[in-house]
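Right, one structure below, let's go through it.
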Amino acid sequence: MGNNYKGSKKETESLNTYIKLIRSADSISSKINLELSNYRLTESQFGVLDAIFHRGPMKHRELGKKILKSGGNITMVINNLEKRDLVQRRRSEKDRREFIIHLTPKGRNKIKETLPIIVKKIKKHFEILNKDEQRELQELCKIVGMQIRK
């Protein structure tokens, strides 16, 4: 997608902003994915392990919302983690139709091993921005995200 669109100034500015945001996010994501591949994890798998590690066992649907994956996608992610004994599905005691996803000891070790490394990589990618610039970027992304969710 190029930025040679011949629209209004507002359209062109919005398109240029979108392109820069996506390219920046894709660049960072590809570097993080490369690092995660050293641990045989995808970004989604890492997201699931991280969410459960920090928030405790979660329902399938909650995990999907947390890492922004659809029902089918989150099922595949959980299936693959379960095959590797990193997570375990347990039937909910409150509602026997639901499953709660738990970290296994192996999963807990995996996230404890990878999290500091990934955080260090992310920090490195954002060192180009000072603290105030990072906070401004966070706020701008939050504003755009909240507007879209309305």
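Quick note on numbering: the numbering used here labels position 149 of the sequence shown as 132, and the sequence is numbered without any gaps.
Glycine included, each C-beta is placed from N, C-alpha and C at the ideal position.
Counted within 10 angstroms of its Cβ, other Cβ atoms place residue i as buried (16 or more) or exposed
| i | result |
| --- | --- |
| Gly128 | exposed |
| Ser7 | exposed |
| Leu123 | exposed |
| Gln28 | buried |
Beta carbon of residue i nearer than 8 Å to that of residue j
| i | j | result |
| --- | --- | --- |
| Thr97 | Leu24 | yes |
| Val102 | Ile84 | no |
| Asp68 | Lys49 | no |
| Phe36 | Arg72 | no |
| His108 | Phe82 | no |
| Ala34 | Leu46 | yes |
Residue interval of the beta strand (DSSP E) (run including residue i)
| i | result |
| --- | --- |
| Leu86 | Phe82 to Leu86 |
| Arg74 | Val70 to Arg74 |
Anticipated Cβ contact below 8 Å, residue i with residue j, distance rounded
| i | j | result |
| --- | --- | --- |
| Ile105 | Ile15 | 7 Å |
| Leu32 | Lys93 | 6 Å |
| Glu(-6) | Tyr(-12) | 7 Å |
| Glu26 | Leu19 | 6 Å |
Residue span of the alpha helix (DSSP H) that contains residue i, given as start and end
| i | result |
| --- | --- |
| Ser27 | Glu26 to Arg38 |
| Leu46 | His43 to Lys49 |
| Asp9 | Lys(-8) to Ser20 |
| Arg132 | Lys114 to Arg132 |
Pick from the options that is closest to residue i, judged by C-alpha positions
| i | options | result |
| --- | --- | --- |
| Met41 | Arg74, Asn21 and Leu19 | Arg74 |
| Ile57 | Glu110, Gly30 and Gln130 | Gly30 |
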